[in-house]
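Report on the structure given below.
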Ligand code: HAM
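Numbering (the working numbering), first residue to last: 34 to 465.
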């Protein structure tokens with residue numbers, strides 16, 4: 034026998050009924066985005082590798098270790114092969130599309146959301162996959178559109194609080210920080226470099242390299258032995274200039290005014306290089322090690338870093354896989370809340386010669402908006418009743434007599450009652 038093929042490590046199939054929960058989350062997200070005036074954007078699953086190298090940053094874990102990258106075959110001998118990458122995140126792609134389609138020329142703030150798979154070669158574990166899904170949104174525009182305003186940061190955070198509440202996620206924590214402007218970060222990098230100099234030889238090789246190339250990324254280190262050293266390093270709040278402090282104070286004041294609670298986390302620098310000023314994560318205690326259900330922040334220089342005009346922006350991405358895990362854990366804790374949804378009807382043709390009539394009736398009812406499963410006339414009646422009881426609220430018996438008389442027999446599983454219903458009234462009866 035040949036070897037059975039399996040889904041690739043870090044990828045998985047999503048099956049019903051779990052996919053119903055995925056759809057419910059996506060539907061809630063789309064409804065909330067519409068209320069906040071966001072429109073959907075769909076960008077390609079793969080992009081030129083340079084987009085992520087320049088946008089997300091060469092020294093980040095994502096770009097240096099986790100991307101699925103390949104060399105595309107050159108179309109002509111003279112052409113250089115292009116390096117392509119499965120998108121590890123969607124912000125760089127959205128900003129590329131913003132530039133490519135000159136969305137800034139309208140002068141309006143662009144409010145865009147996306148739902149789709151992302152790819153990172155991480156070590157798979159609960160809540161961490163190599164193909165995972167994100168629901169994200171970006172607010173971006175020329176400075177004249179108000180895209181730099183701290184109000185936009187607070188509005189995005191307030192929307193996230195609403196979104197999580199409406200999805201039914203309870204017990205989240207919003208962790209908030211500011212990583213300052215590009216100039217603040219340059220100053221902070223100098224401060225870090227100086228602070229690291231006497232201790233970096235005791236740290237891991239990645240940290241030793243980063244201390245030279247991009248000291249901020251030392252704060253992403255997960256090596257346990259390095260953590261006591263990292264805990265003593267200066268925090269970025271002390272490197273912020275007056276404008277950055279003012280921006281952060283305005284974000285916090287708007288959150289306070291709208292009643293969105295948060296915790297300040299001065300170590301939250303996020304693992305992507307494009308961030309400026311406000312950064313945030315929403316965490317959840319029920320998730321174990323991978324406790325971030327979403328992350329985001331402001332990226333005022335990203336458009337310019339990938340060759341576009343000045344276009345400050347702020348956005349976030351939520352891990353859909355982690356939202357599902359959180360909701361499943363919550364529902365397991367309160368099983369009464371989960372009532373399996375049943376179909377309106379199950380049609381049981383009495384004999385194979387009635388299968389075609391069964392399909393015609395199913396078509397009639399489904400087109401009228403009912404959810405219907407169609408049995409098979411080769412089943413014995415007992416088997417039909419058992420199959421119907423598992424999935425539907427009522428069973429419709431379809432025999433020769435029923436076809437000839439135009440009156441169908443319907444049994445309601447909840448009450449046990451059996452009723453004769455004229456075909457013309459069947460739709461209303463099943464709906465009731
Ligand atoms: P990120 O923090 O890299 O940010 O990812 C956002 C969220 O995606 C995480 O909080 C987590 O829930 C989920 N996630 C990330 N990696 C995995 C994985 N391997 N398996 C399962 N879930 C995962 C970004 O991607 C930024 N683009 C967010 C952003 C948008 N910033 C500004 N705009």
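Glycine included, every Cβ here is placed at the ideal spot set by N, Cα and C.
1. For the ligand HAM, I want to know if residue 350 counts as a neighbour, meaning its beta carbon is within less than 7 Å of at least one of the ligand's heavy atoms.
2. Please determine whether the Cβ atom of residue 124 lies at a distance below 7 Å from any heavy atom of the ligand HAM.
3. Tell me which residue opens and which closes the beta strand (DSSP E) that residue 209 is part of.
4. Can you tell which of 145, 123, 160 has its C-alpha closest to the C-alpha of residue 44?
5. Quick one: complete beta strand (DSSP E) runs, 3+ long, within the stretch 142–174?
6. Can you find the residues in the same chain that come closer than 8 Å, C-beta to C-beta, to residue 371, ignoring five residues on each side of it along the sequence?
7. Starting from the C-beta of residue 358, find all residues in its chain whose C-beta is less than 7 Å away, skip the five residues before and the five after it, and write them out in chain order.
8. What residues are listed by DSSP as bridge partners for residue 331?
9. Between residue 304 and the ligand HAM, is there a pair consisting of the residue's CB and a ligand heavy atom that are separated by less than 7 Å?
10. Check whether the Cβ of residue 165 sits closer than 7 Å to any heavy atom of the ligand HAM, and report yes or no.
11. Just to confirm before moving on: does the CB-CB distance between residue 390 and residue 436 stay below 8 Å?
12. Could you check if residue 120 belongs to the surroundings of the ligand HAM, using beta carbon to heavy atom distance under 7 Å?
13. Label residue 366 either buried or exposed according to how many other C-beta atoms from any shown protein chain fall within 10 Å of its C-beta, with 16 as the threshold for buried.
14. Taking the alpha helix (DSSP H) that residue 128 belongs to, which residues open and close that run?
15. Taking buried to mean at least 16 other C-beta atoms within 10 Å of its own C-beta, is residue 396 buried or exposed?
16. Quick check: is the beta carbon of residue 350 nearer than 8 Å to any beta carbon in chain C?
17. Using CA coordinates, which residue listed in 213, 247, 242 is at the minimum distance from residue 223?
18. DSSP three-state call for residue 370: helix, strand or coil?
19. Beta carbon of residue 326: closer than 7 Å to some heavy atom of the ligand HAM?
20. Relative to the C-alpha of residue 456, which residue among 279, 411, 380, 267 is closest?
21. Can you find the residues in the same chain that come closer than 6 Å, C-beta to C-beta, to residue 53, ignoring five residues on each side of it along the sequence?
22. Considering only the alpha carbon of each residue, which of 184, 299, 266, 177 lies closest to residue 279?
23. Give me the Cα-Cα distance between residue 153 and residue 410, rounded to the nearest whole angstrom.
24. If you draw a straight line from the C-alpha of residue 454 to the C-alpha of residue 461, how long is it?
25. Are residue 464 and residue 426 close, meaning C-beta to C-beta below 8 Å?
26. Assign residue 183 to one of three DSSP states: helix, strand, or coil.
Once the coordinates are examined:
1. Checking every heavy atom of the ligand HAM against the Cβ of residue 350, one is found closer than 7 Å.
2. Answer for residue 124: yes, Cβ within range of the ligand HAM.
3. Start and end: 205–211.
4. Shortest Cα-Cα distance from residue 44 to any of 145, 123, 160 involves 160.
5. 143–152, 164–173, all fully within the stretch 142–174.
6. Its pLDDT being 49, under 50, residue 371 is placed unreliably in this model, and the value from its coordinates should be taken loosely. Counting only Cβ-Cβ distances below 8 Å, and skipping sequence neighbours, we find 364.
7. Cβ contact annotation for residue 358 (same chain, cutoff 7 Å, sequence separation greater than five): 160, 320, in chain order.
8. Partner(s): 309, 347.
9. Checking every heavy atom of the ligand HAM against the Cβ of residue 304, one is found closer than 7 Å.
10. Yes.
11. Cβ distance < 8 Å, so residue 390 and residue 436 count as in contact.
12. Residue 120: no, Cβ never under 7 Å from the ligand HAM.
13. Classification of residue 366: exposed, given that the 10 Å Cβ count is below 16.
14. Segment 124–133, the alpha helix (DSSP H) holding residue 128.
15. When all chains shown are included, residue 396 counts as exposed.
16. Absence of chain C from the displayed structure is noted, only one protein chain being present.
17. Closest by alpha carbon: 247.
18. Summary for residue 370: the model assigns pLDDT 46, below 50, so the residue's position carries little reliability; its value from the coordinates is reported in the next sentence. Under the three-state reduction of DSSP output, residue 370 falls in the helix class.
19. Yes, the ligand HAM has a heavy atom inside 7 Å of this Cβ.
20. 380 is the residue among 279, 411, 380, 267 whose C-alpha sits nearest the C-alpha of residue 456.
21. Result list for residue 53: empty, nothing under 6 Å.
22. Nearest neighbour of residue 279 by Cα position, chosen from 184, 299, 266, 177, turns out to be 184.
23. The alpha-carbon atoms of residue 153 and residue 410 are separated by roughly 49 Å.
24. Taking the straight line joining both Cα atoms gives about 10 Å.
25. No.
26. Correct three-state label for residue 183: helix.
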